[in-house]
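The sequence shown begins at 1197 in this note's numbering and counts up by one.
We put the CB at the ideal spot given by N, CA and C, even for glycine.
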Amino acid sequence: MDKKINVTVWDESEGPIGPYPQGIYTAIANFLKASGEFGEVRIALQPQPEHGLTEETLNDTDVLVYWAHCYHHMVDDGIVERIRRRVLDGMGLLLLHSAHASKIFNRLVGADPWKLRWREVGELERVWRIEPAHPICANVPEFFDIPQSEMYGEQFHIPAPDELLFISWYEGGEVFRSGCTFTRGLGRIFFFSPGHENFPIYDMPEIRNIIINGVKWAAPTCKPTITTGQQPFNPPKK
Ligand code: ZN
């Protein structure tokens, strides 16, 4: 796609959290901007009118990066439906960390993605790269360690993903499908779980690289013509 990818970073928060004095959304937006890979990089926040996701903003968004943790229930169903329609129409969606429990993930993929094991003791997470040829895995080592993380463990109640890109192992013994892709309609979805708010995980170069790769992968590549409804009978000419 010749056009630069416009990104909107959405966050339920409006301020400092853990090691992020300007909010996780600022940290994510800053490294996306610094990569030089994208066009507009905007921030939208849950407390804003329409959660910052107006029709105009979403229509000008190629990829929505969605970070959330505790306030899924405060997201308006009408806005969830608006996001869903844009994804079906081709907008890419990155679901980060506890976005596993977001309404939009559930609406788009089904099953019960909010169901999983979890624990917060600051244990090590080892992230294994499973599909080295996938664009999201570009320049990702075979594995890397997050020194302190929140454990998310199987069983993760999702339908089988289109692609399983990363599996995490935790010091406490659990494993988790930490990087998965799905396609819904024309939209590409990438779920990536590392990113707990109490540890500086979004400062890690490996994590930034994966998210940048994910945004590039999820961006729409074309606008195909799709015909539906009753069709005229149109056999090949003899
Ligand atoms: Zn967390």
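Rounded to the nearest angstrom, how far is the Cβ of residue i from that of residue j, given a contact under 8 Å?
{"i": "residue 1398", "j": "residue 1223", "result": "5 Å"}
{"i": "residue 1373", "j": "residue 1385", "result": "So it is not a contact: roughly 14 Å between Cβ atoms."}
{"i": "residue 1403", "j": "residue 1390", "result": "6 Å"}
{"i": "residue 1285", "j": "residue 1382", "result": "6 Å"}
Going by beta carbon distance, what residues of the same chain come within less than 7 Å of residue i, once the five residues before and after it are set aside?
{"i": "residue 1430", "result": "none"}
{"i": "residue 1303", "result": "1276 and 1280"}
{"i": "residue 1333", "result": "1325, 1327 and 1361"}
{"i": "residue 1200", "result": "1234 and 1235"}
Considering only DSSP beta bridges, list what residue i is partnered with.
{"i": "residue 1213", "result": "1216"}
{"i": "residue 1375", "result": "1362 and 1388"}
{"i": "residue 1203", "result": "1237 and 1259"}
{"i": "residue 1349", "result": "1313"}
{"i": "residue 1323", "result": "1340 and 1364"}
{"i": "residue 1288", "result": "1259"}
{"i": "residue 1380", "result": "1383"}
In chain order, what residues of the same chain have a beta carbon less than 8 Å from the beta carbon of residue i, not counting five sequence neighbours either side?
{"i": "residue 1341", "result": "1320, 1321, 1322 and 1323"}
{"i": "residue 1251", "result": "1278"}
{"i": "residue 1219", "result": "1207, 1209, 1210, 1211, 1212 and 1213"}
{"i": "residue 1331", "result": "1409, 1412 and 1413"}
{"i": "residue 1254", "result": "1204, 1260, 1278, 1279, 1282 and 1287"}
{"i": "residue 1311", "result": "1351, 1352 and 1353"}
Quick one: what's got a C-beta closer than 6 Å to residue i's C-beta in the same chain, skipping five residues either side?
{"i": "residue 1296", "result": "1309"}
{"i": "residue 1387", "result": "1291 and 1376"}
{"i": "residue 1358", "result": "1377, 1378 and 1379"}
{"i": "residue 1346", "result": "1316 and 1392"}
{"i": "residue 1247", "result": "1275"}
{"i": "residue 1344", "result": "1318 and 1395"}
{"i": "residue 1249", "result": "1240 and 1275"}
Considering only the alpha carbon of each residue, which of the options lies closest to residue i?
{"i": "residue 1227", "options": "1338, 1389 and 1261", "result": "1261"}
{"i": "residue 1242", "options": "1205, 1355 and 1357", "result": "1205"}
{"i": "residue 1274", "options": "1258, 1299, 1265 and 1266", "result": "1299"}
{"i": "residue 1237", "options": "1267, 1245, 1289 and 1202", "result": "1202"}
{"i": "residue 1307", "options": "1215, 1352, 1416 and 1225", "result": "1352"}
{"i": "residue 1221", "options": "1392, 1343, 1434 and 1354", "result": "1392"}
{"i": "residue 1405", "options": "1231, 1245, 1267 and 1272", "result": "1231"}
{"i": "residue 1263", "options": "1301, 1284 and 1272", "result": "1301"}
{"i": "residue 1415", "options": "1256, 1225, 1240 and 1371", "result": "1256"}
For ligand 1, any of its heavy atoms closer than 7 Å to the Cβ of residue i?
{"i": "residue 1208", "result": "no"}
{"i": "residue 1374", "result": "no"}
{"i": "residue 1321", "result": "no"}
{"i": "residue 1294", "result": "yes"}
{"i": "residue 1346", "result": "yes"}
{"i": "residue 1247", "result": "no"}
{"i": "residue 1393", "result": "yes"}
{"i": "residue 1265", "result": "yes"}
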